[in-house]
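Data block below; observations after.
In mature numbering (1 follows the signal peptide of the UniProt record, and there is no 0), the protein residues as written are -24 to -1, 1 to 186.
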């Protein structure tokens, strides 16, 4: 039984280590006036819906070009600034300003998901000025990005040399999506069960002579 206890302990440490990273947030720092690319690192299927939130307010609903909607956001700060990739669900923000500093979250609604608001899945008539607050399940969030937009002093003093950073967008930390972690955990749990069964059968077939 000591061997089976050891296996269970090792697997528990592995699972704990993975869950420590499920809430990881990617940090991104840019200069105002730039175009920022927020990638999802997934390929959105045709029947799936992608949503982007800024500080818990919906700013992009991505289905296909005919049923998608880009929202101006609170105070209209995203008006005429958003572009999307209908294949990946990635979001681009052009001519960014310090007002866009905050937390961005990408949510994907799988085709098998249920209980979602149909009014947010299909938008035959897009009202870009409407404000929707975030109301999603944590497991549907596939990407969280903390974006910091720094004020640029370019052009304020032409007599001073300006240094343009080579790496304007610095990614500090990222973690696996909750869906990927859940899949890995299921596989590990199945491995644990199989291992314990094997060890018990082995002990029964080879009893300790003592």
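For every residue, glycine included, the Cβ atom is placed at its ideal position computed from N, Cα and C.
Quick caveat: nothing in here was measured; it's all calculated off a predicted structure.
task = Name the residue from 7, 68 and 175 whose alpha carbon lies nearest to the alpha carbon of residue 187.
result = Residue 187 lies beyond the residue range present for the chain, which begins at -24 and ends at 186; the question has no answer from this structure.
query = Just the Cα atoms here: how many angstroms apart are residue 173 and residue 162?
reply = 17 Å
task = May I have the straight-line CA-CA distance separating residue 54 from residue 160, to the nearest angstrom?
result = 37 Å
query = With which residues is residue 36 paired in a DSSP beta bridge?
reply = 28 and 46
query = Taking residue 1 as the reference, which of 119, 165 and 127 has the closest Cα?
reply = 119
ask   = For residue 60, does the count of other Cβ atoms within 10 angstroms reach 16, so buried, or fall short, so exposed?
value = buried
Reduced DSSP secondary structure (H/G/I, E/B, other) of residue 103 = coil
ask   = Using CA coordinates, which residue listed in 7, 27 and 31 is at the minimum distance from residue 44?
value = 27
ask   = Helix, strand or coil: how does DSSP classify residue 200 here?
value = The first residue shown for the chain is -24 and the last is 186, placing residue 200 beyond what the model contains.
inquiry  = At the level of alpha carbons, what is the spacing between residue 50 and residue 175?
reply    = 59 Å
message = For residue 78, which residues in the same chain have their Cβ closer than 7 Å to its Cβ, ignoring the five residues on either side in sequence?
response = 30, 31 and 123
task = Pull up the distance between the alpha-carbon of residue 5 and that of residue 178, whole angstroms please.
result = 56 Å
message = Whole angstroms are fine: how far does the CA of residue 164 sit from the CA of residue 107?
response = 42 Å
task = Put residue 6 into one of helix, strand or coil per three-state DSSP.
result = strand
key: Per-residue burial, residue 166 [other beta carbons within 10 Å of its own, 16 or more giving buried]   = exposed
message = Less than 6 Å between C-beta atoms, sequence neighbours within five positions excluded: which residues of the same chain meet that for residue 110?
response = 29 and 32
query = So, is residue 76 buried or exposed, given that buried needs 16 or more other C-beta atoms within 10 angstroms?
reply = buried
message = As a quick exercise: from 117, 112 and 127, pick the residue whose alpha carbon is nearest that of residue 18.
response = 117
query = CB-CB under 6 Å to residue 148, same chain, minus the five flanking residues each way: which ones, in chain order?
reply = Unreliable placement is indicated for residue 148, whose pLDDT of 39 sits below 50; no coordinate value is reported for it.
inquiry  = I need the straight-line Cα distance from residue 180 to residue 115, nearest angstrom please.
reply    = 42 Å
key: residue 125 versus residue 12 - alpha carbon distance   = 10 Å
inquiry  = According to DSSP, residue 80 sits in a beta bridge with which residue or residues?
reply    = 30 and 121
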